[in-house]
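Number of protein chains: 2
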Amino acid sequence: MDKLHLDRHISRQFNAELEMLRTQLLEMGGLVEQQVADAVSAIETGDIALAEKVIDTEEKVDDFEIELDEQATLVLARRQPAASDLRLVLAVTKAIRDLERIGDEAQKVAKMAIALADGGANRRGASELRHIGASVQAMMTQGLDAFARFDAEAALKVVEADESVDREYKTAIRELVTYMMEDPREISRVMNVLWALRALERIGDHVRNVCEHVIYLVRGLDIRHISLDEAEAKIKQK
Amino acid sequence: MDKLHLDRHISRQFNAELEMLRTQLLEMGGLVEQQVADAVSAIETGDIALAEKVIDTEEKVDDFEIELDEQATLVLARRQPAASDLRLVLAVTKAIRDLERIGDEAQKVAKMAIALADGGANRRGASELRHIGASVQAMMTQGLDAFARFDAEAALKVVEADESVDREYKTAIRELVTYMMEDPREISRVMNVLWALRALERIGDHVRNVCEHVIYLVRGLDIRHISLDEAEAKIKQK
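Chains as they are written, first to last, in full-length UniProt numbering: chain A, 1 to 238; chain B, 1 to 238.
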C-alpha cells in the first residue's frame, strides 16, 4: 500500500485542520502549476500579456506561502501532533517553500519570454525550451498529484523524470554554447534562452524536492542522498 | 534588546536538547562556511586539491542535514514545544536546508575552479569572482554569527548585503556577456566564470534566507516580501 494512514484523532477539529492544510497546499500548488504552464506557453508563443500575468501572480503566491506557513505553525503549537501527523505538517511546511521557489522561477521564465518575444518561433533554442518546458510541466502536474494521493511510487517516477530533465538541460546548454561560438551576434539572445532553461531546470529540482517529501512522509525514507535504483528497490520492497 | 528569550523549562533535559540543536546547526554552519571559503580561495588561486576537498566535503554536509533534521523532528515529537521554542526548532529545520544548499553551490564553485584552473590569475572575470566571492564569504560569517547570537539587527545587515551582491552580480553578468561578444574564442571559459558567479550569488541568497529565519525567530517578523526600509524601521522600533 502506498497510502499514508493518518492517525485517527479523537478531535474532529484536528482532522479538519490537517485536511485543510493539505487542501490549501494543493490549492497553492494549483496556482503555481498554472504559473509554470503559462510561463512555458508564453515563451513558446511570445505572448507578452500572458508572461505579465505570470509575473503579477507572484504576489499571490507569496501571500499563500506566508499564510500557510503560519497555519502550519499554529497546528503544531495547538495540536502538538506526533508520528505521521507531525511528519505531514513538516512535509507541508517544506513543500510550501518549494512551491514558492517554483513560482519565483516561473517568473524568471516569464521575464525571459518577454525578452525573447520578438525572436520568432524558429529561433535557435526554441526546440530545447519547448521540450524541457513540456517535461517540467508534466513533472509539476504529476508531482502535485503524488502529493494529493500520498503516492510514493508516483513520487519516485517524478524524481526519475528530474534526472532525465537534468541530462537534457546539460546537453542543451552545451549545444547553445557551441552555437554562440559559431554566431557571436546571437550571444545576447541565446543567453536569455540559457537563463530560461536554467529556471526550468530549477523548477524541476523543486518539484523533485516536493516528491522527496512525499516519499519521506509515506515511507519514512530519505532518498535524497542514495541512488535511484536503491530508492526504487526500497520503495517497492515495503 | 535583540536577544531571543527562550522559554524557561522545568525540564533541564529539554533545555539541553534545544541547546544541542542550536550548537549542531552552528557546527554544520561552520563546515559549510569553510566550504565556501575554500571554494572562493580555489577559484582565485587555481588550487585544484583545495577544490577537490570542497567537493569531497559535500557528503559530510549531507549527513549533517539528515541527522539534524531527524533530531529536530524528534524534539518536536517528544517535547511538543510551543511559542518561541517551537519557532526555534522550525527555524533550525529551515536553516538546515539552506546550509545544505549552500554546500551544493560551493561544490559548483569548486567544480568551476577546476575548469578554470589553467586560465591564469589575470583572466577576464577574475576580479568579479574575487569581489563577489569576498562579499559572499563575509555574508556567510556574519549570517552564522547573527544566528549564533539571535541578533535581528545583524541579520538585517546581511540581508542588505545580499541586495548589493545581487546588484554586483547583474553588472558582472552584463559585462561578461559584452566581453563574450567582443571575443567569441573566450565564450567557453567565460561561461564557466558565469556559472561560478551564479553559484556565488545563490549562496548569498541562501545566507539571506538563514538571516530571515533569525529575524522571524527573534521578532516574529516576516520580512521576505516587504521593502528593506520598512523592515529596518520595524526592527528598530521594537
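For every residue, glycine included, the Cβ atom is placed at its ideal position computed from N, Cα and C.
Any C-beta of chain A under 9 Å from that of residue i
{"i": "I48 of chain B", "result": "no"}
{"i": "R87 of chain B", "result": "yes"}
{"i": "H206 of chain B", "result": "no"}
{"i": "D229 of chain B", "result": "no"}
{"i": "L90 of chain B", "result": "yes"}
{"i": "A121 of chain B", "result": "The pLDDT assigned to A121 of chain B is 49, lower than 50, so where the model puts this residue is not dependable, and the model offers no usable value."}
{"i": "D162 of chain B", "result": "no"}
{"i": "V159 of chain B", "result": "no"}
{"i": "A82 of chain B", "result": "yes"}
{"i": "A77 of chain B", "result": "yes"}
{"i": "V177 of chain B", "result": "yes"}
{"i": "M28 of chain B", "result": "no"}
{"i": "A39 of chain B", "result": "no"}
{"i": "M191 of chain B", "result": "yes"}
{"i": "R185 of chain B", "result": "yes"}
Buried or exposed by the 16-neighbour rule on C-beta atoms within 10 Å, applied to residue i
{"i": "H213 of chain B", "result": "buried"}
{"i": "R167 of chain B", "result": "exposed"}
{"i": "T45 of chain A", "result": "exposed"}
{"i": "L200 of chain B", "result": "buried"}
{"i": "I226 of chain B", "result": "exposed"}
{"i": "residue 247 of chain B", "result": "Shown here, chain B extends from 1 to 238; a query on residue 247 of chain B therefore has no answer."}
{"i": "E163 of chain A", "result": "exposed"}
{"i": "residue 243 of chain A", "result": "In the structure displayed, chain A extends from 1 to 238; residue 243 of chain A sits before or after that span and is not available."}
{"i": "R202 of chain B", "result": "buried"}
{"i": "L68 of chain A", "result": "buried"}
{"i": "Q35 of chain A", "result": "buried"}
{"i": "K170 of chain A", "result": "exposed"}
{"i": "A233 of chain A", "result": "exposed"}
{"i": "Q237 of chain B", "result": "exposed"}
{"i": "residue 256 of chain B", "result": "Limits of chain B in this structure are 1 at one end and 238 at the other, which puts residue 256 of chain B out of reach."}
{"i": "A51 of chain A", "result": "buried"}
{"i": "R219 of chain B", "result": "buried"}
{"i": "T178 of chain A", "result": "exposed"}
{"i": "A82 of chain B", "result": "exposed"}
{"i": "L156 of chain B", "result": "buried"}
{"i": "A16 of chain A", "result": "exposed"}
{"i": "R87 of chain B", "result": "buried"}
{"i": "L228 of chain B", "result": "exposed"}
{"i": "D63 of chain A", "result": "exposed"}
{"i": "E65 of chain B", "result": "buried"}
{"i": "E100 of chain A", "result": "buried"}
{"i": "residue 258 of chain A", "result": "The structure shown has nothing for residue 258 of chain A, since chain A only spans 1 to 238."}
{"i": "Q118 of chain B", "result": "According to the sequence shown, residue 118 of chain B is Asp rather than Gln. By the 10 Å Cβ count, D118 of chain B comes out exposed."}
{"i": "E182 of chain A", "result": "exposed"}
Residue-chain proximity (residue i, chain B), Cβ-Cβ < 9 Å
{"i": "S188 of chain A", "result": "yes"}
{"i": "residue 307 of chain A", "result": "Residue 307 of chain A lies beyond the stretch modelled for chain A, which goes from 1 to 238, so this question has no answer here."}
{"i": "A107 of chain A", "result": "Note that residue 107 of chain A is Gln in the sequence shown, not Ala. No, Q107 of chain A lies away from the interface with chain B (no Cβ there is under 9 Å from its Cβ)."}
{"i": "Q71 of chain A", "result": "no"}
{"i": "V36 of chain A", "result": "no"}
{"i": "R149 of chain A", "result": "no"}
{"i": "M140 of chain A", "result": "no"}
{"i": "R124 of chain A", "result": "no"}
{"i": "R167 of chain A", "result": "no"}
{"i": "residue 240 of chain A", "result": "A question about residue 240 of chain A goes unanswered here, because the residues of chain A that appear run from 1 up to 238."}
{"i": "R97 of chain A", "result": "yes"}
{"i": "R22 of chain A", "result": "no"}
{"i": "K234 of chain A", "result": "no"}
Contact between the region 130-137 of chain A and the region 19-32 of chain A: three or more CB pairs below 8 Å? no
Contact between the region 206-225 of chain A and the region 141-151 of chain A is defined here as three or more beta-carbon pairs at a separation below 8 Å; is this criterion met? yes
Tell me which residues of the region 200-226 of chain B have at least one Cβ-Cβ distance to chain A shorter than 8 Å, keeping chain order. D222, R224, H225
Quick one: any contact between the region 47-58 of chain A and the region 103-115 of chain A, if contact means 3 or more CB pairs under 8 Å? yes
Quick one: which residues of the region 53-68 of chain B get their C-beta closer than 9 Å to a C-beta of chain A? List them in chain order. E59, D62, D63, E65, I66
Are the region 65-83 of chain A and the region 153-162 of chain A touching by the rule of at least three beta carbon pairs closer than 8 Å? no
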